[in-house]
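Oh and the sequence shown: position 23 is 73 in my numbering, straight run, nothing missing.
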Amino acid sequence: MTRIRTPMTAVDRAWLRMESPENPMMIGAVLIFDDPIDLPRFRQVLEDRFLCFRRFRQIVEHAGDRTFWHDDPTFDLDNHLQVVALPGRADEATLQSFASDLNSTPLNPNRPLWQVHYVDNYQGGCALIVRIHHCIADGISLVRVLLALTDDKPGRHLHAVPPRNQPAESRWQSIQRLAREWRHTAGAGVEQLRHLAHNVQQDPTYPLQLLRTGSRIGMECAKLGLTPADPPTPLKGALGGRKQVAWASLPLQNVKDTARALKGTVNDVLMTAATGALHEYLREEAFDLPDCGIRVAVPFNLRPLHQPVESLGNQFGLVLVPLPIDVDCPRMRFRQVQDHMNRLKRSWQAQVTYSLLDLFGRGPDILERRALGLLSQKASAVLTNVPGPRRPVYLAGARLRQPMFWVPQTGGIGIGMSIFSYTDSVQFGIIVDKKLGMDPQRVMTAFEKSFYDLQAVAGTPGTYPQVERREVERRKAASF
Numbered sequence: 051m052t053r054i055r056t057p058m059t060a061v062d063r064a065w066l067r068m069e070s071p072e073n074p075m076m077i078g079a080v081l082i083f084d085d086p087i088d089l090p091r092f093r094q095v096l097e098d099r100f101l102c103f104r105r106f107r108q109i110v111e112h113a114g115d116r117t118f119w120h121d122d123p124t125f126d127l128d129n130h131l132q133v134v135a136l137p138g139r140a141d142e143a144t145l146q147s148f149a150s151d152l153n154s155t156p157l158n159p160n161r162p163l164w165q166v167h168y169v170d171n172y173q174g175g176c177a178l179i180v181r182i183h184h185c186i187a188d189g190i191s192l193v194r195v196l197l198a199l200t201d202d203k204p205g206r207h208l209h210a211v212p213p214r215n216q217p218a219e220s221r222w223q224s225i226q227r228l229a230r231e232w233r234h235t236a237g238a239g240v241e242q243l244r245h246l247a248h249n250v251q252q253d254p255t256y257p258l259q260l261l262r263t264g265s266r267i268g269m270e271c272a273k274l275g276l277t278p279a280d281p282p283t284p285l286k287g288a289l290g291g292r293k294q295v296a297w298a299s300l301p302l303q304n305v306k307d308t309a310r311a312l313k314g315t316v317n318d319v320l321m322t323a324a325t326g327a328l329h330e331y332l333r334e335e336a337f338d339l340p341d342c343g344i345r346v347a348v349p350f351n352l353r354p355l356h357q358p359v360e361s362l363g364n365q366f367g368l369v370l371v372p373l374p375i376d377v378d379c380p381r382m383r384f385r386q387v388q389d390h391m392n393r394l395k396r397s398w399q400a401q402v403t404y405s406l407l408d409l410f411g412r413g414p415d416i417l418e419r420r421a422l423g424l425l426s427q428k429a430s431a432v433l434t435n436v437p438g439p440r441r442p443v444y445l446a447g448a449r450l451r452q453p454m455f456w457v458p459q460t461g462g463i464g465i466g467m468s469i470f471s472y473t474d475s476v477q478f479g480i481i482v483d484k485k486l487g488m489d490p491q492r493v494m495t496a497f498e499k500s501f502y503d504l505q506a507v508a509g510t511p512g513t514y515p516q517v518e519r520r521e522v523e524r525r526k527a528a529s530f
């Protein structure tokens with residue numbers, strides 16, 4: 051019997067090949083729940099709503115210079131769902147340590163590239179630590195898949211989701227499908243020519259507009275290539291592959307009030323808070339801040355948010371965002387971040403980097419690694435912001451209290467920062483390579499302080515007991 055294989059897209063293949071001993075290419079998440087989850091019910095949720103995506107039942111196969119997905123003939127859910135119990139009365143630090151160990155451990159390449167650890171009896175409830183390889187899907191898609199496992203009410207009955215993938219097709223069906231796709235492509239080409247002729251007839255300047263678009267894309271390619279390497283700071287250095295994670299939260303309403311007072315967006319405020327956190331951390335390290343600031347690589351979603359996730363995969367580009375970590379004034383720091391973000395929203399950089407990833411995925415591995423090595427020199431960290439649900443959600447009857455996730459770092463980048471909004475709070479997380487010598491908890495404290503400093507200059511002051519408590523605890527620990 052002939053085995054039907056699905057070719058991996060070039061972009062997904064590029065993310066697969068970015069895997070290195072120093073940077074496992076996984077998207078990680080920690081989901082904390084108020085109550086324990088009923089395991090048989092959770093397994094049923096995975097069967098009905100998660101495994102309906104065929105990718106989670108498939109393994110990666112290499113054949114010459116091509117890469118394929120094919121069904122795992124020995125797939126067993128027990129290989130991907132592990133139940134663990136942390137020692138003693140586990141606190142947040144213990145959970146963070148366990149999550150750090152898992153995020154340092156690559157996934158088994160001989161099985162479907164995902165893993166879920168169920169942490170039993172955590173703070174009266176439970177926690178899930180989820181790891182999924184980046185070649186399966188991007189962060190936006192995976193967050194939406196994970197949220198598809200949840201309900202808006204605790205007692206809602208499970209319902210099976212219709213399969214999103216048809217059974218493997220026969221050779222004749224494959225030939226017929228390819229013929230249909232060829233006819234569709236040819237028809238689309240003719241339609242595009244008609245569309246071009248119609249637009250030229252309606253607007254004689256249309257060819258000039260196309261030329262300008264091509265010119266802008268060319269300029270973005272040139273700017274990206276000519277962008278110098280980020281300045282040397284303690285944020286960059288040799289990597290060891292051992293990861294450390296930490297997280298903190300802010301009241302979402304406070305963030306919205308601050309954004310409104312400063313005539314900006316929630317994203318502007320959070321990006322500024324992250325900038326201030328790095329500013330504060332480097333200043334505590336007595337490091338001379340570079341006058342040019344630093345840059346972070348920010349994933350820019352190219353998939354419409356309202357589009358159903360019928361298929362997975364990666365549909366995003368990366369943009370290099372300057373962070374003015376050299377600026378002391380929170381208000382001035384905010385204005386500069388806002389200006390950088392507004393300019394990048396009008397650029398074609400995300401489309402250019404997405405096209406480059408597609409090109410890298412089609413070429414030899416050594417070319418991709420050299421190109422990524424050059425690109426990773428132009429940024430000191432990865433920073434991503436993903437919107438979450440505005441109302442509480444429930445997984446197998448248990449209320450999700452706090453979600454957090456991290457994106458992987460590429461090349462020589464050793465820091466990843468993630469922002470995720472959920473109900474009435476904003477979660478900020480960081481993952482750092484241990485060899486850089488950074489204390490992620492200090493960065494969390496600096497992030498909270500940076501936000502409340504910005505809130506104060508915006509005229510919407512608030513207290514920050516978590517910041518004070520963590521600072522007192524840190525100083526006590528340092529005194530011993």
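The beta-carbon is built from N, C-alpha and C at its ideal position, and this holds for glycine as well.
By the DSSP assignment, the alpha helix (DSSP H) with Met494 in it spans what residues? 490–507
Which stretch, first to last residue, makes up the alpha helix (DSSP H) that contains Val61? 60–67
Kindly confirm or deny that the segment 116–130 and the segment 491–503 touch, where touching means at least three C-beta pairs closer than 8 Å. no
Where does Gly479 fall in DSSP's three states? Here Gly479 carries a strand assignment [DSSP, helix/strand/coil].
Quick test of the definition: if touching needs 3 or more C-beta pairs under 8 Å, does the segment 417–431 touch the segment 439–456? With the cut-off at 8 Å, the segment 417–431 and the segment 439–456 do not touch.
So is Ala336 buried or exposed if we call it buried at 16+ other beta carbons inside 10 Å? exposed
Measuring alpha carbon to alpha carbon, tell me which residue in Arg161, Val319, Asp128, Asn153 is nearest Ser500. Val319
CA nearest to the CA of Val95, picked from Ala448, Gly189, Val295, Val169: Closest option to Val95, Cα to Cα, is Ala448.
Alpha-carbon to alpha-carbon, Arg345 and Val402: 18 Å
Please state whether DSSP places Pro57 in a helix, a strand or coil. strand
Excluding sequence positions up to five away, which residues of its chain have a Cβ less than 7 Å from the Cβ of Leu261? At Leu261 the pLDDT is 48, less than 50, meaning the model places this residue with poor confidence; the figure from the coordinates comes in the next sentence. So no residue of the chain qualifies.
Asn343 and Leu362 closer than 7 Å at C-beta: Inspection of the sequence shows that residue 343 is occupied by Gly rather than by Asn. The answer is no: Cβ separation not under 7 Å.
I need the DSSP call for Asn171, collapsed to helix, strand or coil. strand
Quick check: what's the CA-CA separation for Gln165 versus Leu328? 32 Å
Alpha carbon of Leu127 to alpha carbon of Tyr168, nearest angstrom: Going from the Cα of Leu127 to the Cα of Tyr168 covers about 13 Å.
For the segment 433–443 against the segment 465–474, are there 3 or more C-beta pairs whose distance is under 8 Å? yes
Is Asn392 buried or exposed, if buried means 16 or more other CB atoms sit within 10 Å of its CB? exposed
Beta strand (DSSP E) containing Leu368: first to last residue? 366–373
Cβ shell of Gly290 (< 8 Å), same chain only, five flanking positions each side left out: Closer than 8 Å at Cβ, skipping near neighbours: Glu72, Asp483, Lys484, Lys485.
Label Ser430 either buried or exposed according to how many other C-beta atoms from any shown protein chain fall within 10 Å of its C-beta, with 16 as the threshold for buried. Buried: at least 16 other Cβ atoms inside 10 Å.
Residue range of the unbroken alpha helix (DSSP H) whose run includes Pro380: 380–395
Leaving out five residues before and five after Ser150 in sequence, what residues of the same chain have Cβ atoms less than 6 Å from its Cβ? Lys293, Gln294, Val295
Give the secondary structure of Arg353 by DSSP, where H, G and I count as helix, E and B as strand, and everything else as coil. coil
State the DSSP-derived secondary structure class of Asp408, mapped to helix, strand or coil. helix
Would you grab the beta carbon distance between Leu66 and Val110 for me? Rounded to a whole angstrom, and I think it's under 8 Å. Sure, about 7 Å apart at Cβ, within 8 Å.
How about Leu157 and His183: are their beta carbons less than 7 Å apart? yes
In whole angstroms, what separates the C-alpha of Asn171 from that of Ala135? CA-CA distance, Asn171 to Ala135, rounds to 7 Å.
Check whether the Cβ of Pro156 sits closer than 6 Å to any heavy atom of the ligand ATP, and report yes or no. In the structure shown, the ligand ATP is absent, as is every other ligand, since no ligand is present at all.
With a floor of 4 residues, list each alpha helix (DSSP H) that falls wholly inside the segment 397–458, ordered by position along the chain. 399–412, 415–426
Determine whether the beta carbon atoms of Val387 and Thr322 lie at a separation below 7 Å. Closer than 7 Å, so yes.
Alpha carbon to alpha carbon, how far is Thr315 from Pro442? Give it in angstroms, no decimals. 23 Å
Only counting runs of 4 or more residues, tell me where the alpha helix (DSSP H) segments fall wholly within the segment 278–319, in order along the chain. 302–311
Quick check: the Cα distance between Gly189 and Arg381, rounded to an integer number of angstroms? 31 Å
Per DSSP, which one or two residues make a beta bridge with Tyr472? Ser475
Determine the DSSP secondary structure at Leu178, reduced to helix, strand or coil. strand
Would you mind sorting Arg91 into buried or exposed? The rule is 16 or more other CB atoms within 10 Å of its CB. exposed
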